[in-house]
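Undergrad: Position in the sequence shown counted from 1, then plus 698, gives you my numbering. Don't be surprised by glycine CBs; every beta carbon is placed ideally from N, CA and C. These numbers come from a predicted model, not from an experiment.
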Amino acid sequence: MRYRRLLTLFAALIALLAATAAIPATSSAQGSVDVATRVADSVGFASGGIHLENGKAVVNVVDDAAERKVRSAGLKAKKVKRSLSALTAVKNQLDKITNVPQTAWGIDTSANQVVVTVYDTAAKTSADRVTAAAAAFGDSVRVERRTGKLSLHIAGGEQISSSAGANCSLGFNVTRDGQPFMLTAGHCTNAGGTWSGGDVTGAPVVASDCPGADTGLLSRPNGTGPGQIVNGQRITSAAVPLVGQQIQSHGKTTGTRAGRIIAVNQSVNTDVGVINNTFIAEIVTLPGDSGGPAYAGTRGLGTLSGGDDRVSFYYPLTLAMQAYRLKLA
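1) From the DSSP secondary-structure annotation, give me the bridge partner or partners of A961.
2) Using only the alpha-carbon positions, how far apart do T829 and V839 sit?
3) Should V903 and L916 be called a contact, given that it needs their Cβ atoms to be closer than 9 angstroms?
4) Pick out whichever of N975, E765, T913, P878 has its Cα sitting closest to the Cα of A889.
5) If you draw a straight line from the alpha carbon of A862 to that of T976, how long is it in whole angstroms?
6) Would V756 and K777 qualify as a contact pair, given that the criterion is a beta-carbon distance under 9 angstroms?
7) With distance defined between alpha-carbon atoms, name the residue in I945, V737, G895 nearest to R997.
8) Using 8 angstroms as the Cβ pair cut-off and three pairs as the minimum, do the segment 946-959 and the segment 832-848 touch?
9) Suppose contacts are defined by Cβ-Cβ distances below 9 angstroms. Is I973 in contact with S947 by that definition?
10) In this structure, does DSSP put Y993 in helix, strand or coil?
11) I need the DSSP call for N865, collapsed to helix, strand or coil.
12) So H749 is in the beta strand (DSSP E); what residue range does that whole segment cover?
13) Name the residue from V898, L984, L750, F743 whose alpha carbon lies nearest to the alpha carbon of D762.
14) Measure the alpha-carbon distance for S1010 versus A979 and round it to whole angstroms.
15) For V938 versus T786, is the C-beta distance shorter than 9 angstroms?
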């Protein structure tokens, strides 16, 4: 009898351990990010922003009082020279530089700097203007030189094609006032026409915003689509991307790929204009992937705009949902 009780207790313990192991790591990581976001907001101008180190949230702070507040919340604090508002002010000054294709800049909270990228395909006058402006801000700005060409990945998620000949990827199925829509990249929907893919045919363009933003909205004539990526990953909410965050990206050409976010609030100067507020990840994507989703676990992060042979840039899902008053399907 005693032996049976021991076996029962042992089986219960194994079940408990299995259930605990089954809890996704992304859930606890996202919980720490949510707490860090609230704490960073509470310290106001003393916050240097948030980033992730080994999956754990780190709150940058500029003074001792903020550092104590972060640590008292059970979070890791990192003392930095510049507040997030100061970095944003520098980035906003750089945003005043116009007509400089093949350059980009945004905030790297992990390095407490604005990072400026200049491609070797940029005209010398453009490169000189950008680097001269960056130099005026001293070590607040880091300049990186990169080979190759920054491009939007429109070309031939799940493939969607327009009657005008454009081929892209579906980002997220969404709704507005109960009506079904599909979210993709604006540089795709700028091509116009009606769109088809999967179980959808004849989807008209409802809204298309690019450059500036990079969002496109298509009607879904046959009803609401599933709230998941074509690879089966369920998407239940939208989240703000963070530097250091490990994410996945899915597109028609490359399928599912993974990488790390290296900059946020990025202004990308493409040959067709500036795309603002993007985030950059160390993921290689290809033509045809445009509009495809970026996500971390069940949280949607953005839709693909383009990239080079090393990184890709995405437009945030939270901004697209706010602009078009959307909910996830």
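TA: Looking at the atomic coordinates:
1) In the sequence shown, counting from the first residue as 1, residue 961 sits at position 263. DSSP output for A961 lists I978 as bridge partner(s).
2) Counting from one through the sequence shown, the residue named residue 829 turns up at place 131. Counting from one through the sequence shown, the residue named residue 839 turns up at place 141. Between T829 and V839, the C-alpha separation is close to 10 angstroms.
3) If you number the sequence shown from 1, residue 903 lands on position 205. If you number the sequence shown from 1, residue 916 lands on position 218. In contact: V903 and L916 (Cβ atoms closer than 9 angstroms).
4) In the sequence shown, the residue the question calls residue 889 occupies position 191. The residue with the shortest Cα to Cα distance from A889 is T913.
5) Locating residue 862 in the sequence shown gives position 164, counting from the first residue. Locating residue 976 in the sequence shown gives position 278, counting from the first residue. In a straight line, the C-alpha of A862 is about 27 angstroms away from that of T976.
6) Stepping through the sequence shown from its first residue, residue 756 is reached at position 58. Stepping through the sequence shown from its first residue, residue 777 is reached at position 79. For V756 and K777, no; Cβs fall outside 9 angstroms.
7) Residue 997 sits at position 299 when you count from the first residue of the sequence shown. If we check each option's Cα against that of R997, I945 comes out closest.
8) no
9) Taking the sequence shown and counting its residues from 1, one reaches residue 973 at position 275. Taking the sequence shown and counting its residues from 1, one reaches residue 947 at position 249. Cβ atoms of I973 and S947: not closer than 9 angstroms.
10) Locating residue 993 in the sequence shown gives position 295, counting from the first residue. In the structure shown, Y993 sits in a strand (DSSP, three-state: E or B).
11) Here residue 865 is taken as the residue at index 167 of the sequence shown, counted from 1. It is a strand residue.
12) Stepping through the sequence shown from its first residue, residue 749 is reached at position 51. Note, H749: beta strand (DSSP E), 745-751.
13) If you number the sequence shown from 1, residue 762 lands on position 64. Answer by Cα proximity: F743.
14) Looking up residue 1010 in the sequence shown gives position 312. Looking up residue 979 in the sequence shown gives position 281. Cα to Cα, the separation comes out at about 6 angstroms.
15) As a working mapping, residue 938 is identified with position 240 in the sequence shown. As a working mapping, residue 786 is identified with position 88 in the sequence shown. Taking 9 angstroms as the Cβ cut-off, V938 and T786 do not qualify as a contacting pair.
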